[in-house]
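Below you'll find the structure, written out as structure tokens, and then a few comments.
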Amino acid sequence: MKTPNNSKPVIFNNTVLRDGHQSLAATRMTTEQMLPITPDLDALGFGALETWGGATIDSCLRYLGENPFDRLDTLKKLAPKTPHMMLLRGQNIVQYTSFPDDVVEAFIACSAKHGMDIFRIFDALNDTRNLTTAVRAVHKNGKHAQGVICYTTSPVHTLESFVKLGQELQEMGCDSICLKDMAGLISPSMTHDLVRELKSKLSIPLVLHSHNTAGMATASYYAAIEAGIDAVDTSMVPFANGTGQPDTLLMLAMLERSPRKPGYDTSSFKKIRTHLEKVYLELKAFTSPNNEKTDADILEYQVPGGMLSNFRNQLKEQGMSDRLDEVMREIPYVRECLGWIPLVTPTSQIVGTQAMLNVKFGRWKMISQPAMDVVLGKYGRAPGPIDADLLKDVEKRTGQKPIEGRAADLLPPRMEKLKEELRAKNLPDTDENAVLFAMFPTETEKVLKGEKPVVNGAPKAVAEVPQRAPVTRQNGSRYMLNIDGVRHDVLVEEVTR
Ligand code: CO
């Protein structure tokens, strides 16, 4: 094995304009709130500014009444020096289901046109077939494609399996790789071994993204830096630490006397912090002490922090507050039956909801439509085998067999049809409008017509109470779940075993 010899200063990417407020303030930071500090962030010399993607596009349309492309234009204008980075859910773009290739391609072309530079692309199942179209489209637009290894713990997720995935991403042509620890589960020693191994096997740069939910991320970042990682993601207090990324100043302090400590002019940090403190207060309806603290409790359940805090609300609404432990203990069982899928949007929602249904109605008595789709391979290939009995059940229930190839191959092109729909509504049929309309039709229409969202500014407690909508199918009921500030409509059906 090659010994890593990386003595260059480590690069910090800044996440405050995306994951920072997504993790700590339900993605509610408005473009206006970002403006005063964007030039300062640009001047500091971060490797990248994460400014878009993840839940921000949904939040802009649904809660803030903003056109997400306008936000990107504005931020790009105010921060022209630093590369802009976005989080993209592969074939799901920034939604929960798969989209046809032509929509994915158009979305990436539009994002590139509006100034996006680095596309961080993940698939919830780590199925690289769901990344190929996006990587190709990013390169076609002359931009940087960063492939993602979603980190999780399970009997089928070994150091070797992650390294193999890293090699696959490099062979696919990814320009760099992000080790994405969405739940803050990675320990310093695992980080050290995995980074050393990946750095010895790969020739492209490696980035670590984690969350300080359990309080391990700063130590794991340090271990990664010792092991030769190229870059880590940091945020800015108060949109840092807790369920967010480690704070930039904190990481600088951690690296005192290290040859890899980057040089930052910290004099402007005070101005940035003062502004962010003010914004944090303005967003107090969406912040919570639960997100601010570090709590190793999460390690027991091995679930993302955002999922845990929102789950408490959902269980309350279902009258199941006293059954949190039971539901949490059901999660590993559901994961195992579903082939040990990682817990990241959208699979975290699917597994969490199914665990709740199993506890409430008995195991697999009610199966949500998305869970059945996972069983049938519609989200991609699961890392481990699907439970045989469950598969038989779902086949019987749906009359369908699992799909063999790539899920998106079954989807016909949609761009022309989307544009027709826009024209029928007297809305401009641009590519930008079409891709947003594909993912969030109602919300996009409202924003394009200049209507203000009714939920904007509603206190978190009200906005996040899950509601039960009317039954829509025989023996079926809809659940409105709200996770990470994003509403999630789940249809569940009674299944007889
Ligand atoms: Co994250």
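Our numbering numbers the first residue of the sequence shown as 57 and each following residue consecutively.
Idealized CB from N, CA, C, for every residue including glycine.
Just the C-alpha distance for residue i and residue j, rounded to the nearest angstrom, thanks.
| i | j | result |
| --- | --- | --- |
| Lys-58 | Thr-269 | Low confidence applies here, because Lys-58 scores a pLDDT of 46, under 50, leaving its location unreliable; read the following figure in that light. If you take the alpha carbons of Lys-58 and Thr-269, they lie about 33 Å apart. |
| Thr-189 | Leu-264 | 24 Å |
| Pro-439 | Ser-245 | 23 Å |
| Thr-274 | Glu-348 | 15 Å |
| Ala-519 | Pro-95 | Only weak support exists for where Ala-519 lies, its pLDDT of 32 falling under 50; the value from the coordinates is given anyway. Taking the straight line joining both Cα atoms gives about 32 Å. |
| Leu-380 | Arg-368 | 7 Å |
| Ala-135 | Leu-97 | 8 Å |
| Val-219 | Glu-253 | 7 Å |
| Asn-70 | Gly-76 | 9 Å |
| Leu-308 | Ser-323 | 14 Å |
| Thr-486 | Gly-298 | 40 Å |
| Arg-74 | Ser-154 | 23 Å |
| Arg-185 | Thr-330 | 44 Å |
| Thr-209 | Lys-457 | 29 Å |
| Arg-84 | Cys-166 | 23 Å |
| Lys-64 | Lys-199 | 24 Å |
| Phe-68 | Ala-104 | 8 Å |
| Gly-541 | Leu-446 | Here Gly-541 scores only 39 on pLDDT, less than 50, and its place in the model should not be relied on; the value that follows carries that caveat. Cα to Cα, the separation comes out at about 31 Å. |
| Val-150 | Tyr-435 | 14 Å |
| Glu-88 | Cys-234 | 30 Å |
| Val-66 | Val-335 | 29 Å |
| Thr-498 | Asp-443 | 37 Å |
| Ala-390 | Asn-148 | The sequence shown places Val at residue 390, rather than the Ala named in the question. Cα-Cα distance, rounded: 22 Å. |
| Cys-393 | Ala-296 | 35 Å |
| Thr-112 | Arg-118 | 10 Å |
| Lys-502 | Gly-121 | 8 Å |
| Ala-180 | Lys-326 | 37 Å |
| Lys-132 | Ile-285 | 27 Å |
| Thr-571 | Gly-461 | Missing from the structure shown is residue 571; the chain here goes from 57 to 553 and no further. |
| Val-527 | Met-422 | Unreliable positioning characterises Val-527 in this predicted model, as indicated by a pLDDT of 31, which lies under 50. A coordinate reading is not provided. |
Using 7 Å as the cut-off, classify the Cβ of residue i as near or not near the heavy atoms of the ligand CO, replying yes or no.
| i | result |
| --- | --- |
| Glu-183 | Looking at the sequence itself, residue 183 is Asp, so the reference to Glu does not match. No, the Cβ of Asp-183 stays beyond 7 Å of every heavy atom of the ligand CO. |
| Met-90 | no |
| His-77 | no |
| Met-238 | yes |
| Asp-267 | Looking at the sequence itself, residue 267 is His, so the reference to Asp does not match. His-267 Cβ: within cutoff of the ligand CO. |
Give me the Cβ distance between residue i and residue j, rounded to the nearest whole Å; I'm assuming they're in contact under 8 Å.
| i | j | result |
| --- | --- | --- |
| Val-191 | Met-228 | 6 Å |
| Met-555 | Ala-162 | Since the displayed the chain opens at 57 and closes at 553, residue 555 lies outside it and no answer follows. |
| Ser-404 | Pro-360 | 6 Å |
| Leu-432 | Thr-401 | At roughly 20 Å, the Cβ-Cβ gap does not stay under 8 Å, so Leu-432 and Thr-401 are not in contact. |
| Gln-202 | Ile-177 | 7 Å |
| Lys-236 | Ile-260 | Not confirmed; about 15 Å, so no contact. |
| Ser-291 | Asp-303 | 6 Å |
| Asn-182 | Leu-215 | Asn-182 to Leu-215, Cβ: 14 Å. No contact. |
| Ala-239 | His-267 | 7 Å |
| Pro-484 | Leu-478 | 7 Å |
| Leu-271 | Thr-350 | One point to set straight first is that residue 271 is Gly, not Leu, in the sequence displayed. Right, their Cβ atoms sit about 3 Å apart. |
| Leu-413 | Met-363 | Contact flag wrong, Cβ pair sits at about 16 Å. |
| Ala-411 | Glu-373 | At roughly 16 Å, the Cβ-Cβ gap does not stay under 8 Å, so Ala-411 and Glu-373 are not in contact. |
| Ile-93 | Ile-328 | 5 Å |
| Thr-138 | Phe-102 | 6 Å |
| Glu-294 | Glu-333 | The sequence given here has Pro at residue 294, not Glu. The Cβ separation is near 6 Å, so the contact holds. |
Would you say residue i reaches chain B, if we count a Cβ-Cβ gap shorter than 8 Å as a contact?
| i | result |
| --- | --- |
| Ile-354 | Here chain B cannot be found, since the structure has a single protein chain. |
Run the proximity test for residue i: is its beta-carbon closer than 7 Å to any non-hydrogen atom belonging to the ligand NAD?
| i | result |
| --- | --- |
| Ile-242 | As for the ligand NAD, it is missing from this structure, which binds only the ligand CO. |
Identify every run of the beta strand (DSSP E) within the stretch 191-237, keeping only runs that are complete inside it and at least 3 residues long; order them along the chain. With a minimum length of 3 residues, the continuous beta strand (DSSP E) runs that stay inside the stretch 191-237 are 200-206, 232-237.
Whole alpha helix (DSSP H) elements within the stretch 428-496, 4-residue minimum: Listed in chain order, they are 444-454, 471-480, 487-495.
Please specify which runs of the beta strand (DSSP E), each continuous and at least 3 residues long, are wholly inside the stretch 136-170, giving them in chain order. Listed in chain order, the complete beta strand (DSSP E) runs (minimum 3 residues) inside the stretch 136-170 are 140-144.
Could you tell me whether the stretch 192-199 touches the stretch 503-510, using the rule of 3 or more Cβ pairs below 8 Å? Cβ pair count under 8 Å is below three, so no.
Enumerate, from N- to C-terminal direction, the unbroken alpha helix (DSSP H) stretches of 4 or more residues contained entirely within the stretch 312-362. 325-338, 345-348, 354-357, all fully within the stretch 312-362.
Count Cβ pairs between the stretch 331-351 and the stretch 71-82 that sit closer than 8 Å; are there 3 or more? Touching, yes, given that three or more Cβ pairs across the two stretches are closer than 8 Å.
Any 3 or more C-beta pairs closer than 8 Å across the stretch 150-159 and the stretch 491-503: Touching, yes.
Mind the definition here: the stretch 379-398 touches the stretch 127-141 only if three or more C-beta pairs lie below 8 Å; say whether that holds. Not touching, per the Cβ criterion.
In the stretch 80-147, which residue ranges form an unbroken alpha helix (DSSP H) of at least 4 residues, counting only runs that do not cross its ends? Taking 4 residues as the shortest admissible run, the stretch 80-147 contains the following complete alpha helix (DSSP H) segments, listed from N- to C-terminal end: 87-90, 94-99, 112-115, 124-134.
Pairs of beta-carbons, one from the stretch 136-145 and one from the stretch 459-468, closer than 8 Å: are there three or more? Contact between the stretch 136-145 and the stretch 459-468 is not established, with fewer than three Cβ pairs separated by less than 8 Å.
Ignoring anything shorter than 4 residues or poking outside the stretch 257-292, list the alpha helix (DSSP H) runs there in chain order. Whole alpha helix (DSSP H) segments, 4+ residues: 273-282.
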